[in-house]
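Peer 1: What follows is a structure written as structure tokens; I'll ask about it next.
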Amino acid sequence: VCVKECPTTDYVFLKATKQQLLCKEGVDLATSKVNSELTFTVTQLVNDKDCAPYAFKSTAGNSSYTHVIRKVIFLTFTSWGSYLKTFLNAKEFGDKVVADVMTSWWMILVGFAVSMVISLIWITLMRWLAGFMVWLTIFAFTALWIGLTGASWYLYYINRGSGDTMTLYLVWKLTFEKENLFLAGGVIFGVIMVIVLLILLFLCQRIRIAVALIKQGSKAVGAMWSTLFWPVFPFILQIVVVALWGAIATYPFIVYVSASVGRGNDMAVNNLTYSNGSYKYDAIKEQSKHLLEKFPCDVNVSTQQPSRDWTIYCQIFNLFMLFWLVNFVSALGQLTLSGAFSSWYWAFVKPKDIPALPLLRAFWWCFRYHLGSLAFGSLLIAIVQLIRTFLEYLDHKLKGSENPVAKFFLKCLKCCFWCLEKILKFICKNAYIMIAVSGKSFCPAAIRAFKLILNNCVRAFVLDKVTDFLLFVCKLVVVGLVGFIAYFFFDGRITFLNDYKPQLNFYLVPIIIVILGSYIVADIFFSVYEMAVDTIFLCFLEDIERNDGSPEKPYFMGKGLMKVLGKSNFKVKGSKP
């Protein structure tokens, strides 16, 4: 081996290695003897455990593992250092976010107020914009399929006979001939286009009715602005219910711990015994009197651990009452709004015949006549929700199980009860509306509402989907407008408001909070609007069933609805128009 300088000392690998070994007494490394017996190699010395295989640099201490422990601690802190750094960075980030919120809190509230104003304006404009937005969307949707069909056939025509291919990289690499690909696209898109056109032709009249009902809902909300702020009251009641549930849920546990732990600690110092080891029960009872009065029991059996079954039953009952009361409060809000909007619909001359304070009047009628119906409807939903909770508990317990049959049946049960809950909520909501319309109890009102919807299922389906679409668009509009305003303000692009712009660490923090809060505000406002449309729809169906437009039975629907349906009032059958 060529080296830079000549070696200054002698070095033999095995000999040097052997000289550095730490060995037991009786091992002579110079002669390779162990207890006067000849041994040969370093490996043999280590394998026979006569010498240590390795050694750490260390200092004298109380333990031979001082160096190892120091190494382990160092490595542990090194590995956790990154986690600690991440935690500290997250804490610093959180502090900055909180500081930004505290600095801009009043501007965030202004953003919520702006979203409220925009929601009010948008609901007012819905009576004029509803039809435009619905028909514009329908035409755009139809034009999309017509355009795809035309483009596919055009591309098929120009690529016919060319033999060119096209490669699509999806999950797999797919290669198609352009001629066949565009031919298939033209056929598929053409079939979809024909189906869409047929559906539109079939549903055109029903879409017109849905748009007219949505306009009527806007008028109803505009006539009773107080209804837009009504959801705040049920929301506060639900918070109270949840807080009460939480307080009650912790009480049995506190009582159990106090009974088992608190008494045990005090009794331990009162273990007065005779010399033969038996207890002085009278002395124990006297010194523990203040405890035994709180937890009455026989002192002779006080060492028995109390059962916890009763706490489980209490928690189950408490959970059931949570479901029941939350659904009851929700039902109270729905019935109150339905009563207010139904009073608007059944006013023959609007707004002259609308009763004074319709919202408070409907709320009073709920308490005076319909609490039993609300309790029964919410009870049905609460029972199903409790069963679903029990199924979720079983699913959690079976996660480690290897029984596929049990898991399959459990998934089926969860799906069935999920569907049952949705159906019950739909039935109960329409039952509450019919209670407000007719004043009947829950079961007759639910049957009547179900028959009306079943006889007009296509109208109900179209109205539901059109309303969902409009509300989705309205929420996007409100959130988008408020989000843009917040962005331009906090980014300093609104120059005349720069004096009010705060210095922030992350200007996106208040913007995100404003956007989320605006969505919640819009959702609350438009949930009232949705309830108005649903109520007016059932009132409309009941109006058609009850009345025929004669002087004895005039229609109560608005002129827009009568125009769409081709109906009018005060026309005797058989007479000339």
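Mapping of the sequence shown onto the working numbering: position 364 corresponds to residue 344, and the numbering continues sequentially without gaps.
Even glycine gets a Cβ: it sits at the ideal position worked out from N, Cα and C.
Since the structure is predicted, the reported quantities are computational estimates derived from the model, not experimental observations.
(1) Identify every residue that forms a DSSP beta bridge with Phe156.
(2) Which runs of the alpha helix (DSSP H), 4 residues or longer, sit entirely within the region 325 to 395?
(3) For the region 482 to 496 and the region 514 to 527, state whether three or more C-beta atom pairs, one from each stretch, are separated by less than 8 Å.
(4) Going along the chain, which unbroken runs of the alpha helix (DSSP H) with 4 or more residues stay wholly within the region 470 to 549?
(5) Decide if the region 129 to 146 is in contact with the region 175 to 184; the criterion is three or more beta carbon pairs, one per stretch, under 8 Å apart.
(6) Does the beta-carbon distance from Ala320 to Ala342 come in below 7 Å?
(7) Please report the Cβ distance between Glu159 and Tyr136, rounded to the nearest whole angstrom; I am assuming they are in contact, meaning their Cβ atoms lie under 8 Å.
(8) Taking three-plus beta-carbon pairs below 8 Å as touching, is the region 488 to 497 in contact with the region 114 to 121?
(9) Using the C-alpha atoms, what's the distance from Leu116 back to Gly165?
(10) Hey, quick one: how far does the alpha helix (DSSP H) through Arg107 stretch, first residue to last?
(11) Kindly indicate which residue of Glu72, Gln185, Arg140 has the alpha-carbon position closest to the one of Ala439.
(12) Buried or exposed: Val364, going by 16 or more other Cβ atoms within 10 Å of its Cβ?
(13) Output the distance between the C-alpha atoms of Val151 and Leu340, rounded to the nearest integer angstrom.
(14) Between Leu371 and Lys394, which are expected to be in contact by the criterion C-beta below 8 Å, what is the C-beta distance as a whole number of angstroms?
(15) Tell whether a beta-carbon distance below 7 Å holds between Val459 and Ser507.
(16) Less than 7 Å separating the beta-carbons of Ser322 and Val417?
(17) I believe Val221 touches Leu305 by the beta-carbon criterion, under 8 Å. Please report the beta-carbon distance rounded to the nearest angstrom.
(18) Does the Cβ of Arg188 have 16 or more other Cβ atoms within 10 Å, making it buried, or fewer, making it exposed?
(19) Buried or exposed: Arg428, going by 16 or more other Cβ atoms within 10 Å of its Cβ?
(20) Closer than 7 Å by C-beta to Ala355: which residues in its own chain qualify, once you throw out the five before and the five after it? Chain order, please.
(21) Could you tell me the alpha carbon to alpha carbon distance between Ser238 and Gln295, rounded to whole angstroms?
(22) When we look at the beta-carbon of Cys560 and count the other beta-carbons within 10 Å, is it buried (16 or more) or exposed?
(23) What is the residue span of the alpha helix (DSSP H) that Gln24 lies within?
(24) Going by DSSP in three states, Cys(-14) sits in which element: helix, strand or coil?
(25) Using only alpha-carbon positions, find the residue among Asp333, Leu312, Ile334, Tyr231 that is nearest to Thr291.
(26) Between Cys408 and Ala311, how many whole angstroms is the CB-CB distance? I'm expecting something under 8 Å.
(27) Closest to Gln218 by CA distance: which of Gly313, Thr23, Ile228 is it?
(28) Might you give, ordered along the chain, the residues of its own chain that have their beta carbon closer than 6 Å to the beta carbon of Lys455, omitting 5 neighbours on each side?
(29) Do you know offhand how far Cys396's Cα is from Trp125's?
(30) How many Å lie between Gly202 and Trp210 at the Cα?
(31) Quick check: Lys543 and Gly529, are their CB atoms within less than 7 Å of each other?
(32) May I ask you to list the residues that DSSP assigns as paired with Cys31?
(33) Could you tell me the distance, in whole angstroms, from the CA atom of Met106 to the CA atom of Val114?
(34) Out of Leu208, Ala93, Lys29, point me to the one whose CA is closest to Ile103's CA.
(35) What span of residues does the alpha helix (DSSP H) with Leu434 cover, start to end?
(36) My output table needs one value for Trp210: the three-state DSSP class, helix, strand or coil.
Peer 2: In brief:
(1) Mapped onto the sequence shown, residue 156 falls at position 176. DSSP, once it has assigned bridges, lists Met146 as partnering Phe156.
(2) For the alpha helix (DSSP H) assignment, the uninterrupted runs of no fewer than 4 residues enclosed by the region 325 to 395 are, from N- to C-terminal side, 338 to 349, 351 to 377.
(3) Taking 8 Å as the limit for Cβ pairs, the verdict is that the region 514 to 527 does not touch the region 482 to 496.
(4) For the region 470 to 549, the full-length alpha helix (DSSP H) segments reaching 4 residues or more read 488 to 526, 539 to 545 along the chain.
(5) Taking one beta carbon from each stretch, the region 129 to 146 and the region 175 to 184 have fewer than 3 pairs nearer than 8 Å; the two do not touch.
(6) One-based indexing of the sequence shown puts residue 320 at position 340. One-based indexing of the sequence shown puts residue 342 at position 362. Judged by beta-carbon spacing, Ala342 lies within the 7 Å limit of Ala320, meaning their Cβ atoms are closer than that value.
(7) Taking the first residue of the sequence shown as position 1, residue 159 is located at position 179. Taking the first residue of the sequence shown as position 1, residue 136 is located at position 156. Confirmed, Cβ separation roughly 6 Å.
(8) Not touching, per the Cβ criterion.
(9) Reading the sequence shown from its first residue, position 185 is the one you call residue 165. Reading the sequence shown from its first residue, position 136 is the one you call residue 116. The straight-line gap from Cα to Cα measures roughly 26 Å.
(10) Position 127 of the sequence shown, counting from 1, holds the residue named residue 107. Its alpha helix (DSSP H) spans residues 85 to 139.
(11) The residue labelled residue 439 in the question sits at position 459 within the sequence shown. This sequence places Arg at residue 439; Ala is not what is there. The residue with the shortest Cα to Cα distance from Arg439 is Gln185.
(12) Counting from 1 along the sequence shown, the entry for residue 364 is found at position 384. Of the residues assessed, Val364 falls on the buried side of the cut-off, its CB having 16 or more other CB atoms within 10 angstroms.
(13) Counted from its first residue, the sequence shown places residue 151 at position 171. Counted from its first residue, the sequence shown places residue 340 at position 360. Note that Val151 scores a pLDDT of 49, beneath 50, so its modelled location is shaky; the value from the coordinates is reported in the next line. Counting only the Cα atoms, Leu340 lies some 60 Å from Val151.
(14) As a working mapping, residue 371 is identified with position 391 in the sequence shown. As a working mapping, residue 394 is identified with position 414 in the sequence shown. Going by Cβ atoms, the distance from Leu371 to Lys394 rounds to 5 Å, so yes, they are a contact pair.
(15) What you label residue 459 is simply residue 479 of the sequence shown in a count that begins at 1. What you label residue 507 is simply residue 527 of the sequence shown in a count that begins at 1. Note that the C-beta distance between Val459 and Ser507 is not below 7 Å.
(16) In the sequence shown, the residue the question calls residue 322 occupies position 342. In the sequence shown, the residue the question calls residue 417 occupies position 437. Result yes, Cβ atoms of Ser322 and Val417 sit closer than 7 Å.
(17) If you number the sequence shown from 1, residue 221 lands on position 241. If you number the sequence shown from 1, residue 305 lands on position 325. About 5 Å separates the Cβ atoms of Val221 and Leu305, confirming a contact at the 8 Å cut-off.
(18) Indexing the sequence shown from 1 puts residue 188 at position 208. By the 10 Å Cβ count, Arg188 comes out buried.
(19) Here residue 428 is taken as the residue at index 448 of the sequence shown, counted from 1. Residue burial annotation: Arg428 is buried, with at least 16 other C-beta atoms found within 10 angstroms of its C-beta.
(20) Locating residue 355 in the sequence shown gives position 375, where the first residue counts as 1. Non-local beta-carbon contacts of Ala355 in its own chain, meaning distances under 7 Å to residues more than five positions away in sequence, involve Phe308 in chain order.
(21) The residue given as residue 238 occupies position 258 in the sequence shown. The residue given as residue 295 occupies position 315 in the sequence shown. In this predicted model, Ser238 has a pLDDT of only 49, less than 50, meaning its place in the structure is not dependable; the value taken from the coordinates is given anyway. Rounded to the nearest angstrom, the two C-alpha atoms are 18 Å apart.
(22) One cannot answer for residue 560 here, as it falls past the ends of the chain, which runs -19 to 557.
(23) One-based indexing of the sequence shown puts residue 24 at position 44. Its alpha helix (DSSP H) spans residues 22 to 27.
(24) Reading the sequence shown from its first residue, position 6 is the one you call residue -14. Coil.
(25) By 1-based counting over the sequence shown, the position of residue 291 is 311. Nearest option by C-alpha distance: Tyr231.
(26) Locating residue 408 in the sequence shown gives position 428, counting from the first residue. Locating residue 311 in the sequence shown gives position 331, counting from the first residue. Indeed, because the Cβ distance is near 7 Å, the residues count as touching under 8 Å.
(27) As a first step, residue 218 must be located in the sequence shown, where it is residue number 238. With distances taken between Cα atoms, Gln218 lies closest to Gly313.
(28) Sequence index remark: in the sequence shown, residue 455 carries index 475 (1-based). Residues Ala502 of the same chain have their beta carbon placed closer than 6 Å to that of Lys455, with the five preceding and five following residues left out of the count.
(29) Numbered from its first residue, the sequence shown carries residue 396 at position 416. Numbered from its first residue, the sequence shown carries residue 125 at position 145. Between Cys396 and Trp125, the C-alpha separation is close to 36 Å.
(30) Looking up residue 202 in the sequence shown gives position 222. Looking up residue 210 in the sequence shown gives position 230. Their Cα atoms are separated by approximately 14 Å.
(31) As a working note, residue 543 is residue 563 in the sequence shown. As a working note, residue 529 is residue 549 in the sequence shown. No, the Cβ-Cβ distance between Lys543 and Gly529 is not below 7 Å.
(32) Reading the sequence shown from its first residue, position 51 is the one you call residue 31. In the DSSP output, where bridge partners are listed per residue, Cys31 has Cys3.
(33) Counted from its first residue, the sequence shown places residue 106 at position 126. Counted from its first residue, the sequence shown places residue 114 at position 134. C-alpha of Met106 to C-alpha of Val114: approximately 11 Å in a straight line.
(34) Taking the first residue of the sequence shown as 1, we reach residue 103 at position 123. If we check each option's Cα against that of Ile103, Leu208 comes out closest.
(35) Counting from one through the sequence shown, the residue named residue 434 turns up at place 454. Per DSSP, the continuous alpha helix (DSSP H) segment holding Leu434 begins and ends at 422 to 435.
(36) To locate residue 210, count along the sequence shown from 1; it is residue 230. In the structure shown, Trp210 falls within a coil segment according to DSSP collapsed to helix, strand and coil.
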